[in-house]
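Worksheet: one structure, shown below.
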Amino acid sequence: MASPWRDVVRDAAAVRDAAAVAVDAALLAGVLMRTGEQPLSSDVVNYAPFTLLPSAVPRALFEQAYAVQQDFNLLVDAISQNKEFLEQTLASTIKVDDFTAQLFRIYMQVLEEGLAQTVFLGINRSDYMFDCGLDGTAALKQIEINTIAASFGGLTSRTADVHGLVLKVLGKTKEASRLLPNNPSKGLALGIAKAWELYGSQSAVVMFLVEEIQRNIFDQRCVENELWNRNIRVIRRRFRDVFEKGSLDGSRRLYIDGQEVAVVYYREGYVPQTYDQQGLALVVPQNWAARLLLERSRAVKCPDIATQLAGTKKVQQELSRPGTLEKLLPGHPEAVARMRATFAGLYSLDEGEEGDKIAAAAIADPERFVLKPQREGGGNNLYGEELRQVLEKIKDSPERTSYILMDKIKPQPALNYLLRAHSPLQVSECISELGIFGVYVRQGQEMVLNEATGHLLRTKAIQHADGGVAAGVAVLDTPYLV
Ligand code: ADP
Ligand code: MG
Numbered sequence: 037m038a039s040p041w042r043d044v045v046r047d048a049a050a051v052r053d054a055a056a057v058a059v060d061a062a063l064l065a066g067v068l069m070r071t072g073e074q075p076l077s078s079d080v081v082n083y084a085p086f087t088l089l090p091s092a093v094p095r096a097l098f099e100q101a102y103a104v105q106q107d108f109n110l111l112v113d114a115i116s117q118n119k120e121f122l123e124q125t126l127a128s129t130i131k132v133d134d135f136t137a138q139l140f141r142i143y144m145q146v147l148e149e150g151l152a153q154t155v156f157l158g159i160n161r162s163d164y165m166f167d168c169g170l171d172g173t174a175a176l177k178q179i180e181i182n183t184i185a186a187s188f189g190g191l192t193s194r195t196a197d198v199h200g201l202v203l204k205v206l207g208k209t210k211e212a213s214r215l216l217p218n219n220p221s222k223g224l225a226l227g228i229a230k231a232w233e234l235y236g237s238q239s240a241v242v243m244f245l246v247e248e249i250q251r252n253i254f255d256q257r258c259v260e261n262e263l264w265n266r267n268i269r270v271i272r273r274r275f276r277d278v279f280e281k282g283s284l285d286g287s288r289r290l291y292i293d294g295q296e297v298a299v300v301y302y303r304e305g306y307v308p309q310t311y312d313q314q315g316l317a318l319v320v321p322q323n324w325a326a327r328l329l330l331e332r333s334r335a336v337k338c339p340d341i342a343t344q345l346a347g348t349k350k351v352q353q354e355l356s357r358p359g360t361l362e363k364l365l366p367g368h369p370e371a372v373a374r375m376r377a378t379f380a381g382l383y384s385l386d387e388g389e390e391g392d393k394i395a396a397a398a399i400a401d402p403e404r405f406v407l408k409p410q411r412e413g414g415g416n417n418l419y420g421e422e423l424r425q426v427l428e429k430i431k432d433s434p435e436r437t438s439y440i441l442m443d444k445i446k447p448q449p450a451l452n453y454l455l456r457a458h459s460p461l462q463v464s465e466c467i468s469e470l471g472i473f474g475v476y477v478r479q480g481q482e483m484v485l486n487e488a489t490g491h492l493l494r495t496k497a498i499q500h501a502d503g504g505v506a507a508g509v510a511v512l513d514t515p516y517l518v
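Number 518 marks the last residue of the sequence shown (my numbering); no jumps.
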């Protein structure tokens, strides 16, 4: 997208003034993060990184992303209930990827015992980039769906005001008035509250399952406070707290420190290090035992382990095969067409002719592809020369199957300034990623809530191929619809 701010973006004096206003406005509005040095204390905080200017987003693609979100909610929910599909799809992956294999073992164990959970809550975020075609038109292409710990629904609700102020300072009052209000955390809390209500115990609490290192606590507080406003009690616990203090009663109700837990909202648990990392003495394999305890319980997990598995890259790749969406959502041809229109090319690297062919194509032309392992959280994908080298090395080994290949999306860059504490103010060529938050609640077989509940725009300099806000690469942004 060309920048709508061409007249001001190179005006050094105006940019400097606006940046000073922007940073203070962000602090005032609560666009906050704890610091890397003191991640467990709110004594010293800083602003979360954000763009000086809102980025242009084509209105039609923005609306398309919203329009397909309920479909993706339905799809994720359907996959999570389809044991046969998950088993078949992940069979090759779990042979070589220990983390996915362990999640899968817990999934099977919980199914064998029989689910105690009857209410299901999904919070996901479907992420997209705007792929620029040869003729210059942009198309909405899905990067991935995050089915666990999708973050920034809180902080992003505060960036539109900051960007509105910046535009006014830059003499763009009319444009400022066109920025959309946005509050995903309200919708996320609505879903959690609904699940809590259906669980049906007034005295039970909502438990946020949080990290050892808690830099992004303010984002979570936005959702927590919405729940307190509804008079729902919220507690924050880590996996090790669950290991030490958690228990199930005879009907598998979950108790922590004597309190019954109605909903477990994971903001942690999607990287292997959480469960396996030795050495730090912080995190131990006991966390797997804690995860199993939570999954066996009657509490509403957001997400349950099946829904976490539904969000793997391998599942995403299988969804793009002709006929798969139709099988998963029979009787929904329009939803299927809407979803498929957002898919980029995705390719299996499973052993066999199909995998051999695409591996060879990627080695010959690595710039066309992204190589993705079964990991979340940013910074794990491989691009360009590195992609070529790694694929060359593993192309004849089973390790290949722990990855998938995806067509690389190529958005049109635009100039902007990335505001980060302790960093110089400099103009960068940037690209953006739009996320739409979805929330749904199912009781037994009945969908009782299915909504799109807000958006997140993240922007990064083009020299970084990968990585989100938490990974220190992307920054928060606000869409300016064009
Ligand atoms: P993660 O689970 O680690 O967030 P993603 O699939 O979202 O994995 O990829 C991380 C980042 O890599 C994305 O935010 C995006 O910037 C970049 N990326 C991922 N897939 C593509 C793609 N197909 N084309 C271009 N960039 C991509
Ligand atoms: Mg991502």
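By construction, the Cβ of each residue, glycine as well, lies at the ideal position given by its N, Cα and C atoms. Treat the numbers as computed from the prediction; the structure is a model and nothing was measured.
Measuring only from the beta carbon, is residue i closer than 8 Å to any heavy atom that is part of the ligand MG?
i: N182; result: yes
i: D163; result: yes
i: G508; result: no
i: G414; result: yes
i: G504; result: yes
i: I271; result: no
i: I179; result: yes
Buried or exposed for residue i, going by 16 or more other Cβ atoms inside 10 Å?
i: E149; result: exposed
i: K208; result: buried
i: H199; result: buried
i: T173; result: exposed
i: K444; result: buried
i: K131; result: exposed
i: K408; result: buried
i: T154; result: exposed
i: D163; result: buried
i: G286; result: exposed
i: V319; result: Residue placement at V319 cannot be trusted, given a pLDDT of 47 that sits under 50; the coordinates are not used to answer.
i: L427; result: buried
i: L263; result: buried
i: H576; result: Past the boundaries of the shown model lies residue 576; the chain is included only from 37 to 518, so the question cannot be answered.
i: S384; result: buried
i: R494; result: buried
i: V246; result: buried
i: A317; result: Its pLDDT being 49, under 50, A317 is placed unreliably in this model, and the value from its coordinates should be taken loosely. A317 should be labelled exposed.
For the ligand ADP, is there a heavy atom less than 8 Å away from the beta-carbon of residue i?
i: R303; result: no
i: K408; result: yes
i: A380; result: yes
i: K350; result: no
i: N452; result: no
i: A501; result: yes
i: D386; result: no
i: N417; result: yes
i: E465; result: no
i: I159; result: no
i: E469; result: yes
i: I445; result: yes
i: M69; result: no
i: R411; result: yes
Below 8 Å on the Cβ atoms is my guess for residue i versus residue j; work out the distance and round it to an integer in Å.
i: V518; j: P40; result: 6 Å
i: P402; j: R424; result: 4 Å
i: L97; j: F156; result: 30 Å between Cβ atoms; not a contact.
i: R4; j: A152; result: Absent from the model: residue 4. The displayed extent of the chain is 37 to 518, so no value can be given.
i: I440; j: K337; result: That belief does not hold up - the Cβ atoms of I440 and K337 are roughly 26 Å apart, past 8 Å.
i: R194; j: V67; result: 5 Å
i: T348; j: K177; result: Between K177 and T348 the Cβ distance is about 19 Å, and since that is not below 8 Å, they are no contact.
i: I292; j: K281; result: 5 Å
i: L454; j: A497; result: 6 Å
i: L365; j: L110; result: 6 Å
i: L206; j: A50; result: 6 Å
i: I184; j: Y102; result: Not really, about 22 Å apart at Cβ, beyond 8 Å.
Can residue i be considered in contact with the ligand COA, in the sense that its beta carbon sits closer than 8 Å to one or more heavy atoms?
i: G474; result: As far as ligands go, the structure on display features the ligand ADP and the ligand MG and does not contain the ligand COA.
Between the Cα of residue i and those of the options, spot the shortest distance and give me the residue it belongs to.
i: Y311; options: R376, P321, K131, E304; result: P321
i: V112; options: I159, L329, H368, D43; result: I159
i: V45; options: P90, E482, L76; result: P90
i: C466; options: L345, M483, F254, Q448; result: Q448
i: S356; options: R276, D340, A371, G381; result: G381
i: S116; options: S128, M144, I130; result: M144
i: F86; options: M69, A101, R269, V93; result: M69
i: A65; options: R327, F254, V205; result: F254
i: V477; options: L170, Q124, E248, A225; result: A225
i: F108; options: N182, A395, I142; result: N182
i: L284; options: G305, V509, A326; result: A326
i: N118; options: V205, A342, R52, S78; result: A342
i: P434; options: V51, S128, Y301; result: S128
Taking only beta-carbon positions, decide if residue i is within less than 9 Å of chain D.
i: P75; result: Reference to chain D is not applicable here, since this structure consists of a single protein chain.
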